[in-house]
Amino acid sequence: DTEVTQTPKHLVMGMTNKKSLKCEQHMGHRAMYWYKQKAKKPPELMFVYSYEKLSINESVPSRFSPECPNSSLLNLHLHALQPEDSALYLCASQPGPGSTEAFFGQGTRLTVV
Amino acid sequence: AQSVAQPEDQVNVAEGNPLTVKCTYSVSGNPYLFWYVQYPNRGLQFLLKYITGDNLVKGSYGFEAEFNKSQTSFHLKKPSALVSDSALYFCAVRDIGSGTYKYIFGTGTRLKVLA
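Residue numbers (the numbering used here), protein chains in the order written: chain A, 1 to 113; chain B, 1001 to 1115.
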């Protein structure tokens, strides 16, 4: 299994809702990432987990809350989002924090209404 | 600080012609360079990387890239373009020096291959 699986593929949520994005990989990778990508822009790093511990938070607002319950799973909990948070959210993983290329999931297209 | 520049927002090429998508970088130390491709509403797919060794790197789908240290460039090339190559291409550098190992992406180049 060489895939990073993200669910759901699409999500529409209101500004008062609480929702979660899920990312799963079974490649034994120990570094996992959340990126946010706006239309026609490069991905922007949000969070990095290394060996299930949060190692980087790129000054992301607290309405985004990451969680890594085990080495295969990465969640992004969403609460009280704004319309400008609408974007493609990408998860990525790689064998370790010092390794080379990352494997990306197909992303969750989030729309905040 | 590490950075990557993709000077062209869009590149148009006729099917069957060679294509080049440009990338220049600025890093302290040895660069770890990557090319990724993104199709509409999809994640990024790894194409190729340069870590060390031969300056000409071969990757997926017939793509290759040439690392040029003196010009600090890592241009993506393909000898004969296909319509299916039309997509958004990102050059990236790995930030090794800071210890974070995070990717720094260029702004992306949209490749349009015309039939």
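Glycine is no exception: its CB is placed at the ideal position from the N, C-alpha and C atoms.
What does DSSP give as the partner residues of residue i in its beta bridges?
i       : result
L1051/B : Note on residue identity: the sequence assigns Ile, not Leu, to residue 1051/B. I1051/B pairs with nothing; no bridge assigned.
T108/A  : Y89/A
K18/A   : H79/A
K40/A   : Note: K40/A sits in no beta bridge, so no partner.
R1110/B : Q1010/B and L1088/B
P66/A   : L76/A
Quick one: list the residues of chain A neighbouring residue i, beta-carbon separation under 7 Å, in chain order.
i       : result
T1107/B : P42
N1030/B : Within 7 Å Cβ-Cβ: nothing; N1030/B doesn't reach chain A, min ~13 Å.
G1043/B : L90, F104, G105, Q106 and G107
F1034/B : E101
Is the beta carbon of residue i sitting closer than 8 Å to the one on residue j?
i       : j       : result
A1115/B : V1037/B : no
C1023/B : F1074/B : yes
E1008/B : V1083/B : no
L54/A   : F64/A   : no
A87/A   : K36/A   : yes
C68/A   : M13/A   : no
T108/A  : L45/A   : no
S20/A   : L76/A   : yes
H29/A   : P95/A   : yes
G1029/B : I1096/B : yes
V1057/B : Y1025/B : no
T100/A  : K1069/B : no
V4/A    : S71/A   : no
V112/A  : D85/A   : yes
Quick one, which of the options has its alpha-carbon nearest residue i's?
i       : options                               : result
F1034/B : A1005/B, V1093/B and K1112/B          : V1093/B
T1072/B : T1020/B, P1031/B, A1001/B and V1011/B : P1031/B
H79/A   : T5/A, V4/A, K18/A and H29/A           : K18/A
G121/A  : M15/A, T16/A, Q25/A and V60/A         : The first residue shown for chain A is 1 and the last is 113, placing residue 121/A beyond what the model contains.
L1111/B : Y1101/B, K1077/B, S1070/B and I1096/B : K1077/B
I56/A   : L1019/B, Q1045/B and Y1103/B          : Y1103/B
F1046/B : G1029/B, S1080/B, A1065/B and T1052/B : A1065/B
P1018/B : G1062/B, Y1050/B and K1069/B          : G1062/B
S59/A   : W34/A, N70/A, T7/A and V4/A           : W34/A
Going along chain A in order, which residues have a C-beta closer than 9 Å to the C-beta of residue i?
i       : result
K1049/B : T100 and E101
F1074/B : By Cβ distance, chain A contributes nothing, its closest Cβ being about 14 Å from F1074/B, past 9 Å.
F1046/B : E101, A102, F103 and F104
F1090/B : P42 and P43
Mind reading off the beta-carbon distance from residue i to residue j? Whole number of angstroms is fine, and I expect it under 8 Å.
i       : j       : result
Y1089/B : T1107/B : 11 Å between Cβ atoms; not a contact.
Q1002/B : V1027/B : 5 Å
C1091/B : Q1006/B : 6 Å
L81/A   : C23/A   : Contact flag wrong, Cβ pair sits at about 18 Å.
Quick one: list the residues of chain B neighbouring residue i, beta-carbon separation under 8 Å, in chain order.
i     : result
L45/A : K1102 and Y1103
With hydrogens ignored, establish whether the beta-carbon of residue i is closer than 7 Å to any heavy atom of the ligand HEM.
i      : result
Q106/A : Among the ligands in the structure shown, none appear at all, so the ligand HEM cannot be discussed.
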